[in-house]
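According to the numbering used here, the residues represented by the sequence shown are 9 to 340, in order. What follows is a short report on a single structure.
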Amino acid sequence: MKMTSEQKMKAMVAQGYGAPKVLQLEEVAIPKVKPGFILIKAEVSSATRADAMMRTGTPYIARLFTGLRKPKNPIPGTGYAGAVAAVGEGVSNFTVGDRVFGETTLGFSANAEYILVPQDDVIMPLPASISFAEAAPLCDGALTSVNFLKEVGKIESGHSVLINGASGALGVSAVQLAKYYGAKVTAVCSTRNIGLVKSLGADEVIDYTKEDFSDRKASFDLIYDTVGKSSYSQSKNALKADGVYLSPVMSLGLLVRMMLTAAFSSKKAVFAATGLLKAPELRGMLAHLLEVIAEGKHKTIIDRQFPLEKLAEAHTYIDAGHKKGNIVITHS
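So, in structure tokens, the structure goes:
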């Protein structure tokens with residue numbers, strides 16, 4: 009693709025932190041291809057709960073990475089899938105036309121027609137058997153759940169694992185992955201999502217409107233709270249003696265519990281920021297995930313698809329808290 013300085017693309021731009029209405033469709037310059045970089049024509053991107061939180065600028069500690077008063081990178085979104093449109097000098101691992109998918113992490117900028125990423129970024133070839141829509145959300149729920157279950161939680165065959173928020177983007181992947189790793193899976197969701205979660209392989213489903221999982225004393229090796237709706241204090245009685253409470257949602261309370269349990273308890277509270285891991289680690293986990301997909305043991309669950317110009321509507325839907333699986337943003 010031959011680029012000129014006049015060429016423009018459509019992108020959703022955050023005018024600041026706040027409600028979904030801060031997201032506005034604009035025409036901006038297509039990024040210039042630099043040595044060592046790849047320009048991707050994004051066919052699909054994702055919109056996630058994490059994106060919605062970043063849009064509001066909360067938790068405030070996150071602004072140390074995203075910008076104090078307004079986003080440093082005003083185009084939101086991190087997950088994408090598309091085709092290589094151009095490569096910079098020195099790029100040898102991708103060529104124009106290659107189908108790819110990946111994650112921009114703190115670079116954001118995925119909710120746009122074109123994305124510029126370093127060749128050593130979190131970018132992978134996309135197998136022909138996986139559609140763009142299936143691939144774009146993989147670096148959110150699926151990749152995060154690989155990290156929490158396999159790398160952080162050290163899941164083992166025979167473990168008893170509870171997934172809280174089992175019908176969300178992280179949860180639907182976590183149920184499938186925990187079963188793949190040989191665990192006995194107890195999933196927590198609302199009444200209307202029980203059928204979905206059972207279809208993904210959960211051994212047992214707890215309807216949180218009827219039962220509090222924390223009443224199950226000493227039952228679980230791992231509790232993975234994908235939505236941060238519980239806490240270590242609420243969950244510890246349900247953990248076995250050496251059990252671990254995992255959450256991808258940071259809070260001051262969780263930080264304190266991490267320090268205290270690390271020093272004084274056999275039961276642990278653990279937070280990890282998957283997006284802050286180095287690109288080679290994330291690519292390694294993605295390669296593993298592609299193997300799981302190739303074995304037919306993981307599928308992307310898509311709730312709704314929104315066109316790029318309706319990203320604010322997608323965020324409004326996410327903020328309502330009732331989505332099942334993933335939200336996909338189509339760019340054409």
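Built from N, CA and C at the ideal position, the CB exists for glycine as well. Please read these numbers as outputs of a predicted model, since none were measured by experiment.
Is residue i near residue j, with beta carbons less than 8 Å apart?
i, j, result
"residue 84", "residue 22", "yes"
"residue 151", "residue 290", "yes"
"residue 208", "residue 300", "no"
"residue 171", "residue 234", "yes"
Whole angstroms is fine: what's the gap from residue i's alpha carbon to residue j's?
i, j, result
"residue 17", "residue 39", "9 Å"
"residue 141", "residue 294", "16 Å"
"residue 52", "residue 117", "12 Å"
"residue 129", "residue 285", "11 Å"
"residue 273", "residue 124", "45 Å"
"residue 145", "residue 88", "7 Å"
"residue 168", "residue 43", "49 Å"
"residue 252", "residue 305", "25 Å"
"residue 221", "residue 268", "23 Å"
"residue 82", "residue 75", "10 Å"
"residue 121", "residue 115", "15 Å"
"residue 314", "residue 56", "12 Å"
"residue 213", "residue 37", "49 Å"
"residue 1", "residue 199", "No information on residue 1 is available, as it lies outside the stretch 9 to 340 that the chain covers here."
"residue 217", "residue 174", "14 Å"
"residue 139", "residue 288", "24 Å"
"residue 160", "residue 280", "8 Å"
"residue 224", "residue 329", "26 Å"
"residue 266", "residue 320", "35 Å"
"residue 331", "residue 153", "18 Å"
How many whole angstroms separate the CB atoms of residue i and residue j, which I take to be in contact at a CB cut-off of 8 Å?
i, j, result
"residue 93", "residue 48", "6 Å"
"residue 239", "residue 231", "Rounded, the Cβ-Cβ distance is 11 Å, inconsistent with contact."
Going by CA-CA distance only, name the one from the options that's closest to residue i.
i, options, result
"residue 317", "33, 24 and 15", "33"
"residue 194", "229, 200 and 338", "229"
"residue 155", "55, 31 and 283", "283"
Can you tell me where the alpha helix (DSSP H) with residue i in it begins and where it stops?
i, result
"residue 272", "260-272"
"residue 242", "240-243"
May I ask which residues mark the beginning and end of the beta strand (DSSP E) holding residue i?
i, result
"residue 50", "45-55"
"residue 202", "Not the beta strand (DSSP E): residue 202 falls in the alpha helix (DSSP H), residues 202-207."
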